[in-house]
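*Asks:* Protein chains in written order, with the working numbering: chain A, 53 to 419; chain B, 162 to 475.
Glycine is no exception: its CB is placed at the ideal position from the N, C-alpha and C atoms.
Structure incoming, see below.
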Amino acid sequence: MDLLEVKDLRVSFSDPRDPGARAPIVKDVSFRIAPGEVFGLVGESGSGKSVTALAAMGLLDPRTAEVSGSVRLQGEELLHGHGDDLRRVRGDRMSMVFQEPMTALDPVFTIGSQLTETLRAHRRVSAQEARRRAVEMLDAVGIVDPERRFGAYPHELSGGMRQRVVIALALICGPELLIADEPTTAVDATVQLQLLRLVRSACTAAGTAVLFITHDLGVVSRLCDRMATMYAGEIVETGPVDQVLNAPGHPYTASLLGALPRPDRRGHRLMSIPGRVPVPGTEPPGCWFADRCAFAVAACADAHPPLAPAGGELHSRCLRTGELGDALRTLAHGRLDESESTAPDVERAPAAHAHTIGTHADGEERP
Amino acid sequence: MKVTSLIATRLLSTVPTVLLATVVVFLLIRLIPGDPANAIAGEYATPERLAEIRSQLGLDLSLPMQYLTWLGGVLTGDLGVSFMTGQGVAGLILERLPVTLALTTMGLLVAVIVGLPTGILSASRAGGRLDRFLTTGATLGLAIPNFWLGMVLILVFSVVLGWLPGPGGPLFSDDPVGALRAALLPAVALGLVGGAEICRQVRSAMVEDLSSDHVRTHRAKGLPWRRILWLHSLKNSSLPFLTIVGLQISRLLSAAVVVETVFGLSGLGTLIVTSTNQREYLIVQGVVLVMALLVIFTNLLVDILYRVIDPRIR
Chain A
53 MDLLEVKDLR VSFSDPRDPG ARAPIVKDVS FRIAPGEVFG LVGESGSGKS
103 VTALAAMGLL DPRTAEVSGS VRLQGEELLH GHGDDLRRVR GDRMSMVFQE
153 PMTALDPVFT IGSQLTETLR AHRRVSAQEA RRRAVEMLDA VGIVDPERRF
203 GAYPHELSGG MRQRVVIALA LICGPELLIA DEPTTAVDAT VQLQLLRLVR
253 SACTAAGTAV LFITHDLGVV SRLCDRMATM YAGEIVETGP VDQVLNAPGH
303 PYTASLLGAL PRPDRRGHRL MSIPGRVPVP GTEPPGCWFA DRCAFAVAAC
353 ADAHPPLAPA GGELHSRCLR TGELGDALRT LAHGRLDESE STAPDVERAP
403 AAHAHTIGTH ADGEERP
Chain B
162 MKVTSLIATR LLSTVPTVLL ATVVVFLLIR LIPGDPANAI AGEYATPERL
212 AEIRSQLGLD LSLPMQYLTW LGGVLTGDLG VSFMTGQGVA GLILERLPVT
262 LALTTMGLLV AVIVGLPTGI LSASRAGGRL DRFLTTGATL GLAIPNFWLG
312 MVLILVFSVV LGWLPGPGGP LFSDDPVGAL RAALLPAVAL GLVGGAEICR
362 QVRSAMVEDL SSDHVRTHRA KGLPWRRILW LHSLKNSSLP FLTIVGLQIS
412 RLLSAAVVVE TVFGLSGLGT LIVTSTNQRE YLIVQGVVLV MALLVIFTNL
462 LVDILYRVID PRIR
């Protein structure tokens, strides 16, 4: 059975100035995550990735957000249950790490008390036992001198250390699923790789599945098993990471890949995708990416394409996915006439970047 | 900074403030027309008699000399004596101080008991019906003058309903329960406006805090909402709360002047009113000095509490 099953998730927000208007931000999003799997959700800012995650966690404000569809954790429906049932799941079986470590922790409580209260909100443990587990957890996420740091306040820690504490908060109850919403975007480049390794190793060790939200395809290629690309609030492509990144089935994913800066293209102009994401509520009747797409034909404007099988486990929301195969690979990875396979090419682009980071990042960072 | 050195520097820095306050009061009271010698000697006193009284009271000295003489007395603990009765000013103030302290303390309690929970509830349901009801109530509460509220309270609860005693109650030392009952209406009259202000400030601070990232983290951790609200968000919003409480204390002290008069309580407020009317310079100066010290002391206390609550200020 799937660990997490998101089905036809729709989220719309009411506009306080115009209560009638409720343009959906997330549109019929469906995906599944298997136990222990690392699933990447990729897209530009505003594509609906974070809202999808917050909706799944039940963290959207019911006064402004309208959520429909279904989110099931091991078959148990989370969206339409009693509020307190969802609270019990949050932080225990399913937890979340946020983008901004500087503000994610409560400034007037020690990090130790924030850890122990999480544990004691879900487990019947004594104060001493909670303290012991919290110190253990701080140690596990790489906090030096965890006994002493237990009594530290968030402002006494660096951004990278705080994000480690947030990760410790998310993992202290041993969740089945961790949702990581761009957890490395706001920290120094030197710390990013350490945090990614930490998330990966901690989750692998505990068998925790991860929903990893990012706009960084390099991170996806290193971390994730399967992925989905979101565009304008819907999933346009999904499949195993190596398949999607090597031979994308949707022009949008291919364009994102083509826009990555690469060492072998030094001196060339960086590729960019022309145009803008349609404003919610103004999507055209046909394909929403058509007016930015290099491969659009007349038929693309007629009907909104479904997420259809595109070979192997790949699914793509593109009418021409079957005929475009090589063209998309060229767009994503440059010319195909090189004898070298494109597969390591993808890996190399972000990895080359990562290696330079890695050499600086091996030591433990300090505040 | 350590708390002890904070207290020391704070106390030192209050010296100029206190001196300034005494100078201003010293000059203001002398701007009021009327001569204490006239009040003492009566309407038909000869000019010689008046001059004699003035020289006895030290009123023939220059203003700076009068001020310095008084200040010298204050530093040695002598606030002077009443022109009219010869009673020591310090004794008079000590006699009246408990009434005013009890009244302002109870007023502050009423303000906090009314303002804090309503502010928290209002923030918790921001935009909802209860929030709209409470914020409307708070706005009304702010608009009501406390002397008028005092009169209405007397009319309703002691004249019409007869539940509580009217103006003038027993002394605390004679009948504690009776004295507290008598202080209830004035405390409510005094505290309700402060409660409205506290409610508004707490609400706005908590509405902001409840939309913050760390509250989202607490929710993601699965903490019960009441724990987030009453522990985390409240502590995070306690700096604005403390600030407003500190301001309320000085406001309560000045409002006590009016409320004591309405309820016929003999505290510092009524003392300063009658003393001003009788040109009892020394009593007025003494009372103002004590009130200034009280305000400065509470501000210092608020500053120390800031540090206790928010680790980032330490």
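1. Classify lysine 382 of chain B as buried or exposed, calling it buried when 16 or more other Cβ atoms lie within 10 Å of its own Cβ.
2. From this set, B:Val406, B:Arg440, B:Val445, which residue's C-alpha is nearest valine 456 of chain B's C-alpha?
3. Cα separation between valine 420 of chain A and threonine 334 of chain A?
4. Which bits of chain A does serine 365 of chain B rub up against, with CB to CB less than 7 Å?
5. Look at the Cβ atom of phenylalanine 341 of chain A, then the Cβ atom of tyrosine 283 of chain A, and state whether they are nearer than 8 Å.
6. Short of 7 Å in beta carbon distance, which residues of its chain neighbour serine 394 of chain B, apart from the five on each side in sequence? Order them along the chain.
7. Threonine 378 of chain B CB to nearest chain A CB: under 8 Å?
8. Considering only residues of the same chain and omitting the five flanking positions on each side of valine 149 of chain A, which have a CB-CB separation below 6 Å?
9. Helix, strand or coil: how does DSSP classify serine 122 of chain A here?
10. Whose CA, out of A:Met323, A:Pro330, A:Ala299, lies closest to the CA of glutamate 375 of chain A?
11. Could you check if glutamate 128 of chain A belongs to the surroundings of the ligand PLP, using beta carbon to heavy atom distance under 7 Å?
12. CB-CB under 7 Å to valine 317 of chain B, same chain, minus the five flanking residues each way: which ones, in chain order?
13. Just to confirm before moving on: does the CB-CB distance between leucine 426 of chain B and leucine 253 of chain B stay below 8 Å?
14. With a threshold of 8 Å on Cβ separation, who are the neighbours of cysteine 352 of chain A within its own chain once the five nearest residues in sequence on each side are excluded?
15. So with CB distances below 8 Å, who are the chain A contacts of isoleucine 470 of chain B?
16. Does the distance from the CB of leucine 247 of chain A to the CB of glycine 285 of chain A come in under 8 Å?
17. Give every residue of the same chain whose Cβ lies closer than 8 Å to the Cβ of leucine 353 of chain B, excluding the five residues on either side of it in the sequence, and list them in chain order.
18. Which residue from A:Gly364, A:Glu289, A:His134 puts its Cα closest to that of glycine 95 of chain A?
19. Would you say methionine 213 of chain A reaches chain B, if we count a Cβ-Cβ gap shorter than 8 Å as a contact?
20. Just how far apart, CA to CA, sit leucine 443 of chain B and phenylalanine 402 of chain B?
21. Using alpha carbons as the reference points, say which of B:Ala453, B:Ile389, B:Ala287, B:Arg468 lies closest to valine 184 of chain B.
22. Does the pairing of the region 143-161 of chain A with the region 235-244 of chain A give three or more beta-carbon distances under 8 Å?
23. Counting beta carbon pairs with one atom in the region 100-120 of chain A and one in the region 72-90 of chain A, are three or more of them shorter than 8 Å?
24. So, for leucine 112 of chain A: in the same chain, excluding its five sequence neighbours on each side, which residues have a beta-carbon less than 6 Å away from its beta-carbon?
25. Which residue marks the beginning of the beta strand (DSSP E) containing phenylalanine 83 of chain A, and which one marks its end?
26. At a Cβ cut of 9 Å, what residues of the region 183-197 of chain A count as close to chain B, listed as they run along the chain?
27. Flag leucine 112 of chain A as yes if its beta-carbon sits less than 8 Å from any beta-carbon of chain B, otherwise no.
28. What are the boundary residues of the alpha helix (DSSP H) that includes threonine 213 of chain B?
29. Over what stretch of residues does the beta strand (DSSP E) that includes leucine 230 of chain A continue unbroken?
30. Spatial neighbours of glycine 123 of chain A within its chain, please: CB distance less than 6 Å, with the 5 preceding and 5 following residues excluded, ordered by chain position.
31. Near asparagine 460 of chain B, what residues of its chain come up, given a Cβ to Cβ distance below 7 Å and the 5 sequence neighbours on each side ignored?
32. Is the region 179-188 of chain A close to the region 134-147 of chain A, with three or more CB pairs under 8 Å?
33. Please report the residue range of the beta strand (DSSP E) in which lysine 59 of chain A lies.
34. Could you tell me if glutamine 446 of chain B is buried or exposed, where buried requires 16 or more neighbouring beta carbons within 10 angstroms of its beta carbon?
35. Spell out whether any CB of chain B is found under 8 Å from the CB atom of arginine 142 of chain A.
36. According to DSSP, simplified to helix, strand and coil, what is threonine 290 of chain A?
*Replies:* To lay it out plainly:
1. Answer is buried; the Cβ neighbour count reaches 16.
2. Residue nearest to valine 456 of chain B within the set B:Val406, B:Arg440, B:Val445 is B:Val406 (criterion: CA-CA distance).
3. Examination of residue 420 of chain A is not possible in this model, given that chain A is present from 53 through 419 alone.
4. What serine 365 of chain B touches in chain A: nothing, since even the nearest Cβ is about 17 Å away.
5. Between phenylalanine 341 of chain A and tyrosine 283 of chain A, the gap from beta carbon to beta carbon is short of 8 Å.
6. Taken in chain order, the residues that qualify are Met367, Asp370, Leu371, Val376.
7. Output row for threonine 378 of chain B: interface = yes.
8. The answer, listed in chain order, is Val218, Ile219, Ala222, Ala232, Pro235.
9. Looking at serine 122 of chain A - three-state DSSP - the assignment turns out to be strand.
10. Comparing Cα-Cα distances from glutamate 375 of chain A to each of A:Met323, A:Pro330, A:Ala299, the minimum goes to A:Ala299.
11. Within the structure as shown, the ligand PLP is missing, as the structure has no ligands at all.
12. Close CB contacts of valine 317 of chain B within its chain, under the 7 Å cut and outside five residues either way in sequence, are absent.
13. Here leucine 426 of chain B is not near leucine 253 of chain B, since their CB atoms are 8 Å or more apart.
14. Closer than 8 Å at Cβ, skipping near neighbours: Gly338, Cys339, Ala342, Cys345, Leu371, Arg372.
15. The answer, in chain order, is Val160.
16. No.
17. Excluding sequence neighbours, leucine 353 of chain B sits near Val271, Ala272, Val275, Gly302, Ile305, Asn307, Leu310.
18. Nearest option by C-alpha distance: A:Glu289.
19. By the rule that beta-carbons nearer than 8 Å mark a contact, methionine 213 of chain A does not touch chain B.
20. So the two alpha carbons sit approximately 36 Å from each other.
21. For valine 184 of chain B, the nearest C-alpha among the options comes from B:Ala453.
22. Contact between the region 143-161 of chain A and the region 235-244 of chain A is present: 3 or more CB-CB pairs across the two stretches fall below 8 Å.
23. In short, these stretches touch, since the Cβ pair count reaches three.
24. Hits under 6 Å: Leu106.
25. Looking at the DSSP string, the run of the beta strand (DSSP E) that includes phenylalanine 83 of chain A is 76-85.
26. Among the residues of the region 183-197 of chain A, none has a Cβ less than 9 Å away from any Cβ of chain B.
27. Chain B, which has no Cβ nearer than 8 Å to the Cβ of leucine 112 of chain A, makes this no.
28. Sequence check: residue 213 of chain B is glutamate here, not threonine. Looking at the DSSP string, the run of the alpha helix (DSSP H) that includes glutamate 213 of chain B is 208-218.
29. Segment 229-233, the beta strand (DSSP E) holding leucine 230 of chain A.
30. Note on residue identity: the sequence assigns valine, not glycine, to residue 123 of chain A. If we look at valine 123 of chain A and ignore the five residues flanking it on each side, its Cβ neighbours are Val58, Ala108, Leu130, Leu131.
31. Answer for asparagine 460 of chain B: Gly407, listed in chain order.
32. These segments do not touch.
33. Looking at the DSSP string, the run of the beta strand (DSSP E) that includes lysine 59 of chain A is 56-65.
34. Taking a 10 Å sphere around the C-beta of glutamine 446 of chain B, we find 16 or more other C-beta atoms and assign the residue as buried.
35. With 8 Å as the cut-off, arginine 142 of chain A counts as an interface residue toward chain B.
36. Threonine 290 of chain A carries a strand assignment under DSSP once its states are collapsed to helix, strand and coil.
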